[in-house]
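Step one of this worksheet: look at the structure below.
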Amino acid sequence: MSGGETVLVTGGSGYIGGWCVASLLQRGYVVRTTVRDLAKEAAVRASLAKLVDPGNRLSFHAANLTSDDGWDAAVEGCDYVLHVASPLGVSDPKDPNDLIVPAREGAKRAIAAAVKAKVKRVVMTSSVAATNRGELGSDWTADETVWTDPAMPKLSVYAKSKTLAERAAWDLIHTSSGHTTLATVNPALVLGPVTSDDFSESVQVVERLLSGRVPGLPRLGFNVVDVRDVADLHIRAMTDEKAAGERFIAAGNYAWMADIAELLRARLGAGAAKVPTRKVPDFVIRLAGLFDKDLGSVTPGLGHRHDFSHDKAERILGWKPRPLEETILDCANSLIATGAV
Ligand code: NAP
Numbered sequence: 141m142s143g144g145e146t147v148l149v150t151g152g153s154g155y156i157g158g159w160c161v162a163s164l165l166q167r168g169y170v171v172r173t174t175v176r177d178l179a180k181e182a183a184v185r186a187s188l189a190k191l192v193d194p195g196n197r198l199s200f201h202a203a204n205l206t207s208d209d210g211w212d213a214a215v216e217g218c219d220y221v222l223h224v225a226s227p228l229g230v231s232d233p234k235d236p237n238d239l240i241v242p243a244r245e246g247a248k249r250a251i252a253a254a255v256k257a258k259v260k261r262v263v264m265t266s267s268v269a270a271t272n273r274g275e276l277g278s279d280w281t282a283d284e285t286v287w288t289d290p291a292m293p294k295l296s297v298y299a300k301s302k303t304l305a306e307r308a309a310w311d312l313i314h315t316s317s318g319h320t321t322l323a324t325v326n327p328a329l330v331l332g333p334v335t336s337d338d339f340s341e342s343v344q345v346v347e348r349l350l351s352g353r354v355p356g357l358p359r360l361g362f363n364v365v366d367v368r369d370v371a372d373l374h375i376r377a378m379t380d381e382k383a384a385g386e387r388f389i390a391a392g393n394y395a396w397m398a399d400i401a402e403l404l405r406a407r408l409g410a411g412a413a414k415v416p417t418r419k420v421p422d423f424v425i426r427l428a429g430l431f432d433k434d435l436g437s438v439t440p441g442l443g444h445r446h447d448f449s450h451d452k453a454e455r456i457l458g459w460k461p462r463p464l465e466e467t468i469l470d471c472a473n474s475l476i477a478t479g480a481v
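Adding 140 to a residue's 1-based position in the sequence shown gives its number in my numbering.
Encoded structure:
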């Protein structure tokens, strides 16, 4: 428990940010959160109310990753910062800077404000997109020693934005003379319960299967990690002395799309009536990838297992991901409960 320490979570309106806010409140911390627009406060409070009663321990500050305004005031007096906010982008935007600039410059703004306010530690949400070996046509496992090459062919703009943002964060900490330390949490595909129908793009993997919006199952797989475990790892990385200066991959079990579909069909009954059973042959996806840029970027990895190891988080911080089944089923049931599918 916290002893009343104050934590700023950037992006409390987001999926991971919201669960970080809830987990901190459950553990007794005083929590501030930034949102781009204070008009979101009521909706965020309504979502959080399903998980915890914040009492008077939660407050909201306006701050945008693309502007200097509001960051110093949000961080002033905080013991820790969890810098979670960053734009997601499954599809590449026309202008890569639409993702890269807010991710990288926003990280610099949040961390510079934290250093100035002398917070003890910043934990930044990076991604396994920043720990990618890049050998798309083979199987591999990556750990925290791997850094994505931002010049890699076929790298998504999102992966580039996360890599450049994390690099900028480490550069800033290494060149600052303050006593603030940095740790990063690098999640794989984040799933688990949603508390509103405004959910992260990652949850679309389950939402599209349930709503039958994917015609078949390509030979694609992911390390899945539960949003509750991601929030827990942020807090462990925030409070454990050994986490200073370290990256931690947050990845759970590996699952192919077909495994996730099978689990939904086996356990959800009528709720999974639209989940496809048909496997799509690789050549069909490759053909479609000639016309669809987003598909084109995944075709070289079809059938290959790109795994991310969470050994370091387990060894140093005692973190353990929960079983895949619990994450997928809680995700699916919450999507059904919120009316999203
Ligand atoms: P999300 O639900 O879309 O949340 C993104 C958050 O970032 C929202 O609070 C959003 O605020 C905020 N944001 C975006 N652009 C902003 C800007 N210009 N200024 C201020 N805030 C801005 O996504 P998420 O899944 O929770 O992702 C949170 C973090 O986890 C990101 O850093 C993401 O890269 C990382 N991550 C996610 C996954 C995953 O599978 N979901 C995996 C690895 C890493 P608004 O509500 O105003 O849009």
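Using N, Cα and C, we set each Cβ at its ideal position, and we do this for glycine too. These figures come from a predicted structure and were not determined experimentally.
Original post:
From what residue to what residue does the beta strand (DSSP E) around His314 run?
Top reply: Note, His314: premise wrong, no beta strand (DSSP E); alpha helix (DSSP H) at Val297 to Thr315.
Subject >> Under 8 Å between C-beta atoms of Ala332 and Asp372 >> reply: Here residue 332 is Gly; the residue named in the question, Ala, does not match the sequence. No, these two residues do not count as a Cβ contact at 8 Å.
Original post:
Going by alpha carbons, who is nearest to Val259 out of Tyr220, Thr281 and Ala225?
Top reply: Nearest to Val259 by alpha-carbon distance, out of Tyr220, Thr281 and Ala225, is Tyr220.
Subject >> Any non-hydrogen atom of the ligand MN within 7 Å of Asp177 CB >> reply: As for the ligand MN, it is missing from this structure, which binds only the ligand NAP.
Original post:
Is it the case that the CB of Lys180 approaches a heavy atom of the ligand NAP more closely than 7 Å?
Top reply: For Lys180, the CB falls within less than 7 Å of some heavy atom of the ligand NAP.
Original post:
Cβ of Thr96 versus every heavy atom of the ligand NAP: is any distance shorter than 7 Å?
Top reply: This structure leaves residue 96 out entirely; the chain is present only between 141 and 481.
Subject >> Cβ neighbours of Gly246 in the same chain (closer than 6 Å, five flanking residues each side left out) >> reply: Cβ contact annotation for Gly246 (same chain, cutoff 6 Å, sequence separation greater than five): Leu205, in chain order.
Original post:
Which word fits Thr335, buried or exposed, when buried means at least 16 other C-beta atoms lie within 10 angstroms of its C-beta?
Top reply: buried
Original post:
Rounded to a whole number of angstroms, what is the C-alpha to C-alpha distance between Pro290 and Pro355?
Top reply: 32 Å
Original post:
Just to confirm, does Gly154 get its C-beta within under 7 Å of one of the non-hydrogen atoms of the ligand NAP?
Top reply: Gly154 Cβ: within cutoff of the ligand NAP.
**OP:** May I ask which residues mark the beginning and end of the alpha helix (DSSP H) holding Gly237?
**Re:** The sequence given here has Asn at residue 237, not Gly. Asn237 to Lys256 is the extent of the alpha helix (DSSP H) around Asn237.
Subject >> Near the ligand NAP: Lys302 beta-carbon under 7 Å from a heavy atom >> reply: Answer for Lys302: yes, Cβ within range of the ligand NAP.
**OP:** Confirm, please, whether the CB-CB distance from Val215 to Ala514 is below 8 Å.
**Re:** The requested residue 514 is not part of the displayed model; the chain covers only 141 to 481.
**OP:** Inspect the CB distances between the stretch 170–179 and the stretch 143–152 and report whether three or more fall short of 8 Å.
**Re:** yes
Original post:
Taking Cβ to Cβ, would you say Gly277 is nearer than 8 Å to His446?
Top reply: no
Subject >> Segment contact flag, the stretch 344–351 with the stretch 231–247, C-beta cutoff 8 Å, min 3 pairs >> reply: no
Original post:
Do you know how far the Cα of Val481 is from the Cα of Ser474?
Top reply: 10 Å
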